[in-house]
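What follows is a short report on a single structure.
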Amino acid sequence: MLRVRFAPSPTGYLHIGSARTFIFNWLYARHNQGTMILRIDDTDVERNTQTSLDSIFDGLQWLGLGWDEFYRQSERLDLHKKLANQILASGLAYRDFTPLAVETEEKTHIEGHWISHPAMRELPREESDKRAAAGESFVVRYRVPRESREAVAFTDLVYGEQSKATADIEDFALLRSNGLPTYHMASCADDADLRMSHIIRGQDHLTNTFKHVLIFEALGVKPPQFAHLPLLIAPDGSKLSKRKHGPVVSVTTYRDGGFLPHTYVNFLCLLGWSPKDDREVMSRQELIDAFTLEGVNRSNATVNFTEEDPYDPKAVWLNAEHIRALPAEDLSALLLPFAREAGFDADAARMAAITPLIRERIRTLREVATAADFFFAVELPPYDSNELIPQKGDARMALAVLEKAGEILQTAEFSHDGLDAALRAGAAELKVKTGQMFQPIRVAVCGRKVAPPLFETLVVLGRETCLHRIERAIEQLPAGAIS
RNA sequence: GGCGCUAUCGUCUAACGGUUAGGACGGAGCCCUCUCAAGGCUUAAAUACGGGUUCGAUUCCCGUUAGCGCUACCA
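Its first residue numbered 848, the first sequence is counted upward by one per residue in our numbering.
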């Protein structure tokens, strides 16, 4: 049975890279009818925060993918300690009584790399037991088998055969002097106990994996399969950090920016993975069907953002694609909260009427604020009355057009075809081009030149509002035009 | 410093050792058109560098360079 896990530690908000790790695990589980496990790796009590935990759940809930089993490492400490002591008892680990201060002092002075404290490593068992019994504090270190073994090896499902000389692996800690397990110990103990079949995680753990293989072996457990993912980096090549790159690294930034959860999933999949067949806009099911570890590549991927714009242009495009693919009713429901947030007096019915008109013109849900404002406004905000003047026309033409429009709209049938016929006839009568006819009307009712198609817009706005706004527009025309 | 990983258009990526090095985003241009979008078409843009191996390297090997990761009683 295939079992995978996402194991964030609650020491910060949910990061874009973590979200991708979650998604890849989830996809792998669903593709193979496996089990997706969420495990909170909260063994570092000093750094854990509730805010961070909330942010992780917030983000994961927004993604909407879910998980099958849930664990918290802090509730499993007994298991970690038990297994660590089991390794100590078997002689594969030893107590290191070097005081923390001395140790950090030493390490900073060592050129090259630190491997172990020979004196502690060779300490006879009886003396070790005696000092421990006397209450002296110690950390439990794994005794890397440098004498009996040349190297540690494993096959990474993404990076291939990996091998590292035992001479280059330091005697890492299993238990801290406060008795709590280290990350390596807790993680492997749980992975073993929860019978994980695959560990899919960031490439920053690739070199840690040699230590993990050693722990699994010490536990007498066959190591799971490993698959490491290339890292997500900033445009300048540095790793994404909140301090340096701000909110771009947080999942909630995309949520609040009006991205669909699925867009985010789709976008993240394209960073470091490819279906190899040029498909990019994919549904959730298509992603599940296409996802394989063979499709994951090995080089880091840049999230393309700038200081002015935190959103990757490709994500924006993908979002527009998915917005257009949404049934109008669904889109309308998603748009409603963003419209209200923008301060519009929006109700479901009105939003539903407007949605088809802006659906192809917005790339994020948030853009409803700028795309649909004039539909909700009671009075149009002030605009430049020069905009009322048509191309190759003048204020007189604008006045004539607006007066004619006012006249027509009194009696015209308020439907796309009715308005189309009536307004085109009006243009012919005034001997102006249709564009010259439509622009003043558009500006009069929308307050700007860029807006959805005119007839549909007029229909949604309604006769009364249209006539009122045209009257107001006429009042704003330069006095000279009215002669 | 040591160890490890990586290197194709600006970005994301494709290419059983044999392709005019493909696609997408973004850019530019044209078409469509009541504006804006959407859509269609066109276009600029890449194999880090140096050596091998081979009839032939983006692809395999070595080196250089660059970037990243690990090197904690953080995860």
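The beta carbon of each residue, even a glycine, is placed where N, CA and C say it ideally should be.
### Query
Identify the residues that DSSP records as bridge partners of Thr1022: which are they?
Translated into positions along the first sequence, residue 1022 becomes position 175. The question names Thr, yet the displayed sequence has Leu at residue 1022. DSSP output for Leu1022 lists Val987 and Pro1028 as bridge partner(s).
### Query
Taking Gly881 as the reference, which of Arg993, Thr1202, Glu916 and Ile1209 has the closest Cα?
Taking the first sequence and counting its residues from 1, the one referred to as residue 881 is at position 34. Nearest C-alpha to Gly881: Glu916.
### Task
Assign Leu1134 to one of two classes, buried (16 or more other C-beta atoms within 10 Å of its C-beta) or exposed (fewer than that).
In the first sequence, residue 1134 corresponds to position 287, counting from 1. It counts as buried.
### Query
Where do the N-terminal and C-terminal ends of the beta strand (DSSP E) with Met1129 fall, by residue?
Locating residue 1129 in the first sequence gives position 282, where the first residue counts as 1. Note, Met1129: premise wrong, no beta strand (DSSP E); not H, not E.
### Query
With distances taken from CA atoms, which of Leu1314, Glu1127, Phe1152 and Ser1024 is nearest Ser1085?
Taking the first residue of the first sequence as 1, we reach residue 1085 at position 238. The shortest Cα separation from Ser1085 among Leu1314, Glu1127, Phe1152 and Ser1024 belongs to Phe1152.
### Task
In the DSSP assignment, find the unbroken alpha helix (DSSP H) run with Tyr1006 in it and report its ends.
Within the first sequence, numbered from 1, the residue matching residue 1006 stands at position 159. No alpha helix (DSSP H) contains Tyr1006, which DSSP labels as neither H nor E.
### Message
Per DSSP, what are the beta-bridge partners of Phe1073 in this structure?
### Response
By 1-based counting over the first sequence, the position of residue 1073 is 226. According to DSSP, Phe1073 bridges with Asp1003 and Ile1046.
### Close Cβ partners of Leu1066 (< 8 angstroms) along its chain, the five nearest in sequence each way excluded
Here the question's residue 1066 lines up with position 219 in the first sequence. If we look at Leu1066 and ignore the five residues flanking it on each side, its Cβ neighbours are Leu930, Gln933, Ile934, Cys1035, Ala1036 and Ala1039.
### Ile903, DSSP secondary structure in three states
As a position in the first sequence, residue 903 is number 56, starting the count at 1. Of the three classes helix, strand and coil, the one that applies to Ile903 here is helix, per DSSP.
#### Entry: Option nearest Ser1130 by Cα separation, candidates Leu1118, Met1043 and Val1112
Locating residue 1130 in the first sequence gives position 283, where the first residue counts as 1. Minimum Cα distance to Ser1130 is reached at Val1112.
### Task
Give the secondary structure of Val851 by DSSP, where H, G and I count as helix, E and B as strand, and everything else as coil.
In the first sequence, counting from the first residue as 1, residue 851 sits at position 4. In this structure, Val851 counts as strand in the three-state DSSP scheme.
### Beta-carbon contacts of Asn895 that lie in its chain and below 6 angstroms, excluding the five residues immediately before and after
On the first sequence, position 48 is the one that residue 895 refers to. Contacts found: Pro857 and Asp889.
### Query
Just how far apart, CA to CA, sit Ile1255 and Phe1221?
To locate residue 1255, count along the first sequence from 1; it is residue 408. To locate residue 1221, count along the first sequence from 1; it is residue 374. When rounded, the distance between both Cα atoms is 22 angstroms.
#### Entry: Element boundaries [beta strand (DSSP E), containing Ile1201]
What you label residue 1201 is simply residue 354 of the first sequence in a count that begins at 1. Ile1201 -> not in any beta strand (DSSP E); alpha helix (DSSP H) instead, spanning Ala1195 to Ile1205.
### Query
Going by the CB atoms, is the gap between Arg988 and Thr1013 shorter than 7 angstroms?
On the first sequence, position 166 is the one that residue 1013 refers to. On the first sequence, position 141 is the one that residue 988 refers to. No.
### Task
Have a look at Cys1293, Ala1291, Val1292 and Ala1268 and flag the residue whose alpha-carbon is nearest the alpha-carbon of Thr1281.
For the purposes of this step, residue 1281 is taken as the residue at position 434 of the first sequence. For the residues Cys1293, Ala1291, Val1292 and Ala1268, the minimum Cα distance to Thr1281 belongs to Ala1268.
### Inter-residue spacing [alpha-carbon to alpha-carbon] between Gly1265 and Ala1247
Here the question's residue 1265 lines up with position 418 in the first sequence. Here the question's residue 1247 lines up with position 400 in the first sequence. Cα-Cα distance, rounded: 21 angstroms.
### Query
Going straight from the alpha carbon of His1263 to that of Ala1272, what length do you get?
Within the first sequence, residue 1263 is the residue found at index 416, counting from 1. Within the first sequence, residue 1272 is the residue found at index 425, counting from 1. Their Cα atoms are separated by approximately 14 angstroms.
### Query
Quick one, which of Ala1180, Ala1162 and Ala1245 has its alpha-carbon nearest Arg1210's?
For the purposes of this step, residue 1210 is taken as residue 363 along the first sequence, with counting starting at 1. Closest option to Arg1210, Cα to Cα, is Ala1162.
### Query
In terms of residues, what are the limits of the beta strand (DSSP E) holding Arg886?
The residue you call residue 886 lines up with position 39 of the first sequence. Its beta strand (DSSP E) spans residues Thr882 to Ile887.
### Message
Within the continuous beta strand (DSSP E) that includes Phe917, where are the two ends?
### Response
Position 70 of the first sequence, counted from the start, is the residue given in the question as residue 917. Segment Glu916 to Arg919, the beta strand (DSSP E) holding Phe917.
### Task
With Tyr1158 as the anchor, note down where its alpha helix (DSSP H) starts and where it stops.
One-based indexing of the first sequence puts residue 1158 at position 311. No alpha helix (DSSP H) contains Tyr1158, which DSSP labels as neither H nor E.
### Query
Which of the three DSSP states, helix, strand or coil, is assigned to Ile1016?
Taking the first sequence and counting its residues from 1, the one referred to as residue 1016 is at position 169. The answer is coil: DSSP assigns Ile1016 none of H, G, I, E or B.
### Query
Which residues in the same chain have their Cβ closer than 6 angstroms to the Cβ of Pro1203, if we skip the five residues on either side of it in sequence?
Translated into positions along the first sequence, residue 1203 becomes position 356. So the list reads Ala1175, once near-sequence residues are dropped.
### Query
Can you list, in chain order, the residues of its chain whose CB lies under 8 angstroms from that of Leu1181, leaving out five sequence neighbours each side?
Counted from its first residue, the first sequence places residue 1181 at position 334. Result list for Leu1181: Leu1107, Leu1173 and Leu1212, in chain order.
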